[in-house]
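To keep things clear, I will list the structure first and then write my remarks on it.
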Amino acid sequence: MARRVGICAVAQTTYQRDKWHERFQGMALEVLEPLLAQTGLDFSEDKGIGMSISVSDDIFDARTISDNGMTDVLGAHMRCEEKIAQEGIQALYYGLAAIQGGHVDAALVLGHCKESQPKSRNMVTHMAFDPFYTRPVGLDFTAAAGLQAQAYADRSDVGDTHLADIVARAGRMAQLNPATPETPVWTREEVLASPMLADPIRAHHAYPVSDGAVGMILAAEETARAICDHPVWITGVGNCMDSFFLGDRDLASNFALKQAAARAYQRAGIDQPHDRFDVVEVSDQFAYQQPMWMEGLGLVDEGQGGAWIAGGGPDAMNVNRSGGMLAGNPLILGGLVRAAEVALQLMGLAGERQVADARCGLAHGVMGPAGQFHSVAILERD
Amino acid sequence: MKKNRNVGIIGVGQSVYSSHREEVNQPEMIHEAVVEALESAGVTIDDVDCIVHGNMELFEMIHQPDLWHVLGTGAYGKETLRVTTGGTTGATLVAAADHLVASGLHDVVLAIGFEKLQEGHTTGGITNMADPLWGRQLQTGALTGMTAAQMIDEFGEERAKKVAMKYRIQMDQHAMKNNKAHRRLGLSPDQAEELAENSPQLVGELRMIHMCSQSDGACAMVFASEEKAKALCDQPAWIKDHVTAHREEMFCIFGDAPVLSTHRYAAQKLFGRCGITNPREEIDLFEMYDPSSWWGSDWLREFLLLEGDAHLKMIENDDIAIDGAFPVNPSGGVIASNPIGATAMVRVAEAALQVMGRAGDHQVPKTVNQALASGFGGTMWTVLFLLTREVPS
Amino acid sequence: MQSDFDTSDCYTIEGKLALPYTYFAGRVGSRFITTLRDQHKIMGVRCDACDTVFVPPRQTCERCLGDLTDSWCEVGSRGRVVNFTVVRYPDRHLPRPVPYVLAMILLEGADTPIVHLLEGIPPEQVAVDMAVEAVFAETTTHTIRDIDHFKPCDA
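Chains as they are written, first to last, in this note's numbering: chain A, 1266 to 1647; chain B, 277 to 669; chain C, 242 to 396.
See the structure below:
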């Protein structure tokens, strides 16, 4: 039986619309220093951090081997550093594997991204599409989301008012989160009046362009208990890849998310997920995704997302107390920030957002057009 | 630190490496390697739990390429991981697969490294790895004449140039026996002088003939837990250990201060952990990531912890030949084939084939008990693997 | 977390990343595009094991890993709208000035819809199940845009 792995420390920068005054390395240092201070770890041979797991995207960074610029900050001089070039929550999956495999006892996870750096993040995600069949019609992740939002709207009970309430709530939650100081607070009416972006997605439904960095220290149980009072155990992970061409998929089916969740629940030994989690953080890049991903996770009955919202479900289930991705986190970091939030809740460090006596949480990340790839992590404390 | 459970390499697949793969798009090229790897391992895609994927994305300008590549990787419905570390990516993918299986999360993992350099602009892509403020105006892709200059300084122009050329020709002789290799020139030793004089200079004494290819290709490998590996494969190549060493981005070179290379550091650490005191004697073969024959020659000293001119003598005495005392790159190495995102994986794959006895015409004529494989990339990063014939205890 | 960052010495530099590329369509892609370009016919591939006609074509069925290289079949150039969105955010990579309709169109004989532009009708009037037909491009782009767009037609 492989040993348990815990999150021992969490740190993040603020997420802002444009951190023009900071380089990636500066943002990363802002995250690294508190992590080392909280745990007392360093990068010494055999006793310190055994590997660094970075998260970044070469195209957003406009830099081939985007982790190359980070080696100085990531403690990677004469040390192991590897880049997760996928949704950042996968860094937990990878760190879990490396530590449970016995290769290292402690790992640093540190991701960064600046959506403000390229001229347009839609131009970047446009490059995920193949050059012959899908790029030429201008697809990017926003348009793909529009198609999925429409497919979901056709099949679910979620309407425009429900979505407006999700956005309004995200703004209110973000007010309590020091990491999201620039998130606007809109009323339901303001959201309903916002112009369409990619029907039925409205401008205010979309997560704002965001810059930031986030990191954690992961450690094997023995080390975790030595450096941290309340390690947050990673008890389950699961992910899944769907088809690439939108037409090959059933866009409203949550095929990949259901599989990812099932795998995570199975590994965590959870049969009845519905009432299991004290906090839930899902990566809602667009408002429709909050109820949709909740249905895919099996935490809300299928087709009942609207009723769930209208009945105060998000508050009752402590969903996205951080403001979620809607409050503004960059693509590729959204899931990792979700995991950081759940960890903070379980550690009792969530400030004004704190859910009393939170012991078990779920974090979710998503990547690709219309959620082609999903990844779920279950976190628990003793 | 004890490894949770052993991991064996049970299958290898490689597409043909070439600069003329116009007949396939990216997922199709990858699929070639995937099919061969699955056949080689004696499994179907249904037996695979997880697919690990990597390349250097700015070469093909595809954002998050594993999304599109699901059309050829077999990853539909599966768990996946995407890890990239520049030139070392291929070896990092092996490390990732090792962790995923050793941890118990998965029993069978397929890892895929690839590059389709013809579809992009290689030197432009590499230059973009430099810091935009400090380095981008200066970097000339992966081309540097520094090591050649250093070797000439240390050993004299005549000897250094002769050794680099001998190494180059030896690598080509190996490549001629590898039907997957991209460049098989049919060089013979008596061409050495003529090549040394006439091959166009790239930077200083680094000439075209010394430099690696730009290849299109994919490599796929199947990894299994000890139990599954023993059930599926009569002779897996076991992963004994690996070390990854990156280094700070900003090179500081003051005068003649000695700089510890990541190569030597990784070797010291790996050999120390594996109880190897005399690498030249205890290791049977080395698949080294050699981007040029100057680096290949120079790094022999670093990886084998040698001093003085011992490494030059190895080349001069034909030790590094396939039938020599210490074969280096029986596959022909990186100078013959370089599909960058796959290249470092190919080193481990080729070393594994040697341990498994499946390297065909370029199989070394002796039992391979311990094989070393290295990856290179970034700013002089190293990933170093030790594979064994016996199950690690 | 830092809130008051002294930015008095900070500045930015603009630049561009130039990475020219030459994508290969591959044999399967080339057959699809040249048939589209020269004969104004749209081809799909059929996976017998999965009982599905896929458009756009691909060499391998990603579900069963079957080889679909020689399983070509023609599909109609007419079809129906199964889903759509209206793109309203201007950007340089877009094929048309906004707003325009991006639709998922199930062609006659195909089991998977393709994503393409729908024109010749105000966005507010587009509806699922509408009948549409391909309008072929006058100049080839060697991509799926050799269908320039789709337009409404009689059912």
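For glycine and all other residues, C-beta sits at the position ideal for the given N, C-alpha and C.
The ligand GTP heavy atom lying under 6 Å from the CB of GLN413(B):
Absent from the structure shown: the ligand GTP. Ligands present: none.
Can you check whether the CB of LEU581(B) is closer than 7 Å to the CB of ALA543(B)?
yes
Measure from the alpha carbon of LEU1457(A) to the alpha carbon of each residue in GLY1613(A), PRO1449(A), ALA1468(A), THR1448(A), then state which is nearest.
The shortest C-alpha separation from LEU1457(A) is found at ALA1468(A).
So if DSSP puts VAL1270(A) in a beta bridge, which residue, or which two residues, is it bridged to?
ALA1485(A)
Starting from the Cα of GLU1617(A), find the closest Cα among GLY1291(A), GLY1366(A), ARG1386(A), LEU1441(A) and give me that residue.
Of GLY1291(A), GLY1366(A), ARG1386(A), LEU1441(A), the residue nearest in Cα terms is LEU1441(A).
Around the Cβ of PRO1443(A), are there at least 16 other Cβ atoms within 10 angstroms (buried) or fewer (exposed)?
exposed
How is ILE529(B) classed by DSSP in three states: helix, strand or coil?
Note that ILE529(B) scores a pLDDT of 49, beneath 50, so its modelled location is shaky; the value from the coordinates is reported in the next line. Coil.
Give the secondary structure of ARG483(B) by DSSP, where H, G and I count as helix, E and B as strand, and everything else as coil.
strand
Any chain C beta carbon closer than 7 Å to ASP1464(A):
Answer yes: the Cβ-Cβ gap between ASP1464(A) and chain C drops below 7 Å somewhere.
Would you call the segment 1332 to 1343 of chain A in contact with the segment 1553 to 1568 of chain A, where contact means no fewer than 3 C-beta pairs closer than 8 Å?
Segments in contact, no.
Along the chain, where does the beta strand (DSSP E) that runs through TYR341(C) open and close?
341 to 348
On a CA-only basis, which of GLU1287(A), ARG1269(A), ARG1268(A), GLY1570(A) is nearest ILE1431(A)? Give me that one, please.
The candidate whose alpha carbon is nearest that of ILE1431(A) is GLY1570(A).
List the endpoints of the continuous beta strand (DSSP E) containing HIS281(C).
From DSSP, HIS281(C) is part of no beta strand (DSSP E); its letter is neither H nor E.
Please tell me whether GLY651(B) and TYR565(B) are closer than 7 Å, where the distance is taken between their beta carbons.
yes
Spatial neighbours of HIS1368(A) within its chain, please: C-beta separation below 8 Å, excluding the five flanking residues on both sides.
GLY1315, MET1316
Using beta-carbon positions only, say whether MET656(B) and THR538(B) come within less than 7 Å of one another.
yes
Would TRP442(B) pass as a contact of ILE591(B) if the rule is Cβ separation under 7 Å?
Correcting the residue type first, residue 442(B) is Lys in the shown sequence and not Trp. Yes, these two residues count as a Cβ contact at 7 Å.
Starting from CYS550(B), trace the alpha helix (DSSP H) in both directions and tell me its first and last residue.
538 to 550
For ARG1420(A), return the contacting residues in chain B, with the cut-off set at a CB-CB distance below 8 Å.
Under the 8 Å cutoff, chain B gives no residues; its nearest Cβ is about 21 Å from ARG1420(A).
Going along chain B, which residues have a C-beta under 9 Å from TYR1530(A)?
By Cβ distance, chain B contributes nothing, its closest Cβ being about 14 Å from TYR1530(A), past 9 Å.
If you measure from the beta carbon of HIS1342(A) to each beta carbon in chain B, is any gap under 7 Å?
yes
Using 10 angstroms around the beta-carbon of ASP289(C), count the other beta-carbons present and answer buried if the total reaches 16, otherwise exposed.
exposed
Could you work out which residues of chain C lie near PRO1511(A), taking near to mean beta carbons separated by less than 7 Å?
According to the sequence shown, residue 1511(A) is Leu rather than Pro. MET345, VAL356, listed in chain order.
Given a cut-off of 7 Å on the beta-carbon distance, is the pair SER569(B) and ARG444(B) in contact?
yes
Run of the beta strand (DSSP E) containing ALA472(B), from where it starts to where it stops:
ALA472(B) -> not in any beta strand (DSSP E); alpha helix (DSSP H) instead, spanning 468 to 474.
Shortest alpha-carbon distance to PHE1664(A) belongs to which of TYR1358(A), LEU1598(A), ALA1372(A), ALA1410(A)?
In this structure chain A extends from 1266 to 1647, so residue 1664(A) is not present and cannot be described.
Just the Cα atoms here: how many angstroms apart are SER491(B) and GLY1577(A)?
57 Å
Provide the residue span of the alpha helix (DSSP H) that contains VAL624(B), from first to last.
616 to 632
Is it right to say GLU583(B) is buried, meaning 16 or more other beta carbons lie within 10 angstroms of its own, or is it exposed?
exposed
Is there contact here, the segment 1363 to 1383 of chain A with the segment 299 to 309 of chain C, by at least three beta-carbon pairs under 8 Å?
no
Counting only Cβ-Cβ distances shorter than 8 Å, please list the residues of the segment 259 to 276 of chain C near chain B, keeping chain order.
ALA259, LEU260, PRO261, TYR262, THR263, TYR264, PHE265, ALA266, GLY267, ARG268, VAL269, GLY270
If you draw a straight line from the C-alpha of GLY363(B) to the C-alpha of VAL367(C), how long is it?
Between GLY363(B) and VAL367(C), the alpha-carbon positions lie close to 49 Å from each other.
Top-ranked residue by Cα proximity to SER315(C), from TYR264(C), THR381(C), GLY285(C), HIS334(C)
Before going further, note that residue 315(C) is Glu rather than Ser in the sequence given. Comparing Cα-Cα distances from GLU315(C) to each of TYR264(C), THR381(C), GLY285(C), HIS334(C), the minimum goes to GLY285(C).
How should PHE530(B) be labelled, buried or exposed, when 16 other C-beta atoms within 10 angstroms of its C-beta is the threshold for buried?
Note that PHE530(B) has pLDDT 49, beneath the 50 cutoff, so the model's placement of it is unreliable and no number is given.
Contact set for ARG1434(A): own chain, Cβ-Cβ below 7 Å, skip 5 residues either direction
Excluding five sequence positions before and after ARG1434(A), the CB atoms of its chain that fall closer than 7 Å to its own CB belong to PRO1579, given in chain order.
Below 9 Å on C-beta distance, what does GLU1298(A) contact in chain B?
None at all; the shortest Cβ gap to chain B is about 17 Å.
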